[in-house]
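See below for the structure under consideration.
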Amino acid sequence: GIYLHVGSGISFPEQIANLTRTNIHALDKQKNNIAIDYEGFISKAPILATLYLYPAGTDRDRSEKEYKHNMTEVDMIKRMADVSVIQDSLVYNQDGKTVTGYSIVMDAKRMTSLLNLYECGEWFFKVRISSGLDPAATKQLAQSIVEAIAPTKALKSD
């Protein structure tokens with residue numbers, strides 16, 4: 198059935214965008230920090246999407262710190278492999294609420310790796326996809342996942 202992350206109010210269905218939920222990992226005892234795997238094939242290309250939801254912390258510059266942390270990983274990968282990197286900002290709106298973030302897409306010829314991170318008030322919502330799809334199709338898949346999850350649900354109502 199549907200997995201509800203109690204702290205944020207975000208739910209994770211068994212199926213998203215033709216992918217099947219295969220694992221739910223609690224990364225802390227309180228189950229505030231979670232990782233959920235979805236797997237499948239789209240156009241015969243293998244897909245692994247891991248969705249993370251975790252407390253954002255209280256630092257004023259928390260988004261910048263998270264971005265720098267992720268870019269350190271990207272820099273390491275770029276040194277080891279022939280990859281092109283596309284960075285972009287993200288905005289997601291639903292029901293009059295908005296969350297923002299950034300996207301990093303790495304194209305390594307036969308494999309695309311995508312990381313989208315949204316700051317959702319007290320929570321970070323991260324989508325990490327490894328796929329055999331091209332970068333444009335991988336970005337479209339990520340958008341479908343975000344629309345299914347609706348990370349704006351984690352924002353507290355005023």
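All you need for this note's numbering is the position in the sequence shown, starting with 1, plus 197. Ideal placement from N, C-alpha and C gives every residue a C-beta, glycine not left out. Bear in mind that the values here come from a model prediction, so they are computed numbers and not experimental data.
Helix, strand or coil: how does DSSP classify residue i here?
{"i": "L338", "result": "helix"}
{"i": "I326", "result": "strand"}
{"i": "T297", "result": "strand"}
{"i": "T349", "result": "helix"}
{"i": "A333", "result": "helix"}
{"i": "E344", "result": "helix"}
{"i": "A305", "result": "coil"}
{"i": "N220", "result": "strand"}
Among the options, which one has its Cα closest to the Cα of residue i?
{"i": "V302", "options": "D285, K294, Y289 and G318", "result": "D285"}
{"i": "I233", "options": "Y200, L287 and S328", "result": "Y200"}
{"i": "I239", "options": "P348, T335 and L352", "result": "T335"}
{"i": "P348", "options": "G329, R325 and F321", "result": "F321"}
{"i": "G329", "options": "L338, T295 and A242", "result": "A242"}
{"i": "A333", "options": "A223, E316 and S300", "result": "S300"}
Residue i to residue j, Cα distance in whole Å?
{"i": "G293", "j": "K306", "result": "39 Å"}
{"i": "N313", "j": "I213", "result": "16 Å"}
{"i": "Q227", "j": "I207", "result": "16 Å"}
{"i": "Y251", "j": "V343", "result": "16 Å"}
{"i": "S281", "j": "D225", "result": "34 Å"}
{"i": "A345", "j": "E211", "result": "11 Å"}
{"i": "Q337", "j": "I244", "result": "13 Å"}
{"i": "M308", "j": "Y289", "result": "26 Å"}
{"i": "R325", "j": "H202", "result": "18 Å"}
With the cut-off set at 7 Å, would you say residue i and residue j are in Cβ contact?
{"i": "S327", "j": "S341", "result": "no"}
{"i": "N229", "j": "G204", "result": "yes"}
{"i": "G298", "j": "K353", "result": "no"}
Can you list, in chain order, the residues of its chain with a C-beta nearer than 6 Å to that of residue i? Leave out the 5 residues immediately preceding and following it.
{"i": "Y249", "result": "A232 and K323"}
{"i": "Y235", "result": "I213, L216, R218 and A246"}
Is residue i near the ligand ATP, judged by its Cβ being under 6 Å from some heavy atom?
{"i": "K241", "result": "As far as ligands go, the structure on display features none, and thus does not contain the ligand ATP."}
For residue i, which residues from the same chain have a beta carbon less than 8 Å from its beta carbon, with the 5 sequence-adjacent residues on both sides left out?
{"i": "D331", "result": "D304 and T309"}
Report all residues from its chain with a CB closer than 7 Å to the CB of residue i; omit the five preceding and five following residues, and keep chain order.
{"i": "G237", "result": "N215, L216, T217 and I244"}
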